[in-house]
Amino acid sequence: MNASVAIQVLPTQTDEEEVIRIVDEVIDYIKSTGYNFYVGPCETSIEGDYDGLMEIVKNCQLVAAKAGCKAMNTYVKISYKPEGEVLTIDKKVTKHHR
């Protein structure tokens, strides 16, 4: 595993329930990829190979659009180590959860 990303897709809709519905569809897509992920209150972290993760980042926006989102802001953080392994989600956060 040479990369991890944290992605936040923010639909510009003003209706809170609609925003939640669209974000839930994006999260469902991420779940369907088979990659290891962690859903947080403000973003979802995903870990795996760099190329696969970049495809997921692209598709998250397409999934939101297909769900009826006419415009969105997407924020992405990337941790990439071409030679070797990046820190895992488990190693970063498990100690903080009970």
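Under my numbering, the first residue of the sequence shown is numbered 8, with each subsequent residue one higher. Yeah, the Cβ is synthetic: ideal placement off N, Cα and C, and Gly gets one too.
How should residue i be labelled, buried or exposed, when 16 other C-beta atoms within 10 angstroms of its C-beta is the threshold for buried?
i    : result
A78  : exposed
C67  : buried
D46  : A small correction: the amino acid at residue 46 is Val; Asp does not occupy that position in the sequence shown. Per the 10 Å Cβ criterion, exposed.
L60  : buried
V33  : buried
I27  : exposed
V100 : exposed
To the nearest angstrom, how far is the alpha carbon of residue i from that of residue j?
i   : j   : result
G75 : A13 : 23 angstroms
Y36 : D56 : 17 angstroms
Y82 : L17 : 8 angstroms
D22 : V30 : 12 angstroms
For residue i, which residues in the same chain have their Cβ closer than 8 angstroms to its Cβ, ignoring the five residues on either side in sequence?
i   : result
V93 : M8, N9, A10, S11, E54, S86 and Y87
G91 : N9
I96 : S11, N43, F44, Y45, S52 and E54
With a Cβ-Cβ cutoff of 9 angstroms, do residue i and residue j count as a contact?
i   : j   : result
Q15 : E50 : yes
If I measure Cβ to Cβ from residue i and keep anything under 7 angstroms in the same chain, skipping five residues before and after, which residues do I get?
i   : result
T40 : I63
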